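>
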DNA sequence: CCCGATTGTTTACATTTGTAAATAACTACG
DNA sequence: CGTAGTTATTTACAAATGTAAACAATCGGG
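Chains as they are written, first to last, in my numbering: chain A, -3 to 121; chain B, -3 to 121.
#1: What in chain B is Cβ-close to residue 52 (chain A), meaning under 8 Å?
#2: Would you identify the three-state DSSP class for residue 53 (chain B), choosing helix, strand or coil?
#3: Count the other C-beta atoms from every protein chain shown that fall within 10 angstroms of the C-beta of residue 1 (chain B), then say buried if there are 16 or more, exposed otherwise.
#4: In this structure, does DSSP put residue 4 (chain A) in helix, strand or coil?
#5: Cβ atoms of residue 115 (chain A) and residue 115 (chain B): under 9 Å apart, would you say?
#6: With a threshold of 8 Å on Cβ separation, who are the neighbours of residue 23 (chain B) within its own chain once the five nearest residues in sequence on each side are excluded?
#7: Given that residue 78 (chain A) touches chain B, what residues does it touch there, using C-beta distances under 8 Å?
#8: Restricting to runs no shorter than 3 residues, where is the beta strand (DSSP E) found entirely within the stretch 15 to 67 of chain B?
#9: If we count the other Cβ atoms within 10 Å of its Cβ and call it buried at 16 or more, is residue 113 (chain A) buried or exposed?
#10: Apply the 10 Å Cβ neighbour rule to residue 9 (chain B) and answer buried if 16 or more other Cβ atoms are within range, or exposed otherwise.
#11: Any heavy atom of the ligand PLP within a distance shorter than 8 Å of the CB on residue 115 (chain A)?
#12: Hey, quick one: how far does the alpha helix (DSSP H) through residue 87 (chain A) stretch, first residue to last?
#13: Just the Cα atoms here: how many angstroms apart are residue 37 (chain B) and residue 87 (chain A)?
#14: Are residue 95 (chain A) and residue 111 (chain B) touching if we call contact CB-CB under 9 Å?
#15: Nearest chain B C-beta to residue 105 (chain A) closer than 9 Å, yes or no?
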């Protein structure tokens, strides 16, 4: 159980809402997700269930409502899945990965500056 | 069929070998993959089969051997899967994604310089 | 206190994925 | 020309995933 659970793409959507607003009731998660997905409430509840079973979410009951919280840190989870992605798609090479995303996106002047600074700090270290 | 096929993580390993050395015989793909995976030849052949069926690979037979080639461009495929990843894991925000990878990796001075230049070009455009 | 609405639990089902063995087809050596 | 050894095709099967309906428990309003 020390194992970080595998989180599927659909489940990521759910986790993102929880990380953002926890503790949060199922009804609110459903509302949030229905804005940009086609999922029915039943479907979203299935995801919640599975995530609890996987150990990615936990909850506290208040009457018949559950308030969900994440059981795994977002940062840890991001690290894990990012490593897999990097490995599968870019053969483990970060340089090309970053290059790809820099080129394929419109970055604001501000973001560019931020990244520039990140690189600078990286360099001197 | 104009649809870009979905490629699973295991299949990505196969595709990477093909993109690198195409046209390439199954036996060579198997050899290449056995270096860092535990897959048996039968398993790898299953992946090849599925990839052909999905339209991600095609082949030319030479006697009883097949020589495989990709049927989809690596760049296109990377774009597609990268978009999904960006969306799922970073809510579509490239800035944080790049920041994550910059921080979580050891970049060589050279790579840092490359990226710096990429950003510069990005800025003035 | 009963009943409709809400919330959670169970069950369902097709598809995809990882993993591979069984079988068929073919080729090349003896 | 038959047969051992490749190669490819078919079949297998459990687990995960996307998608949701059916069912059960409970809560709140009348």
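C-beta atoms are modelled at their ideal positions from N, C-alpha and C, and glycine is treated no differently.
Note that the structure is a prediction, hence the values are computed from the model and not measured.
The short version:
#1: Chain B residues near residue 52 (chain A): none, gap ~14 Å exceeds 8 Å.
#2: strand
#3: buried
#4: coil
#5: yes
#6: 61
#7: 85, 96, 97 and 100
#8: 53 to 58 and 61 to 66
#9: exposed
#10: buried
#11: Within the structure as shown, the ligand PLP is missing, as the structure has no ligands at all.
#12: Counting along the chain, residue 87 (chain A) falls outside any alpha helix (DSSP H), and DSSP gives it neither H nor E.
#13: 21 Å
#14: Contact: yes.
#15: yes
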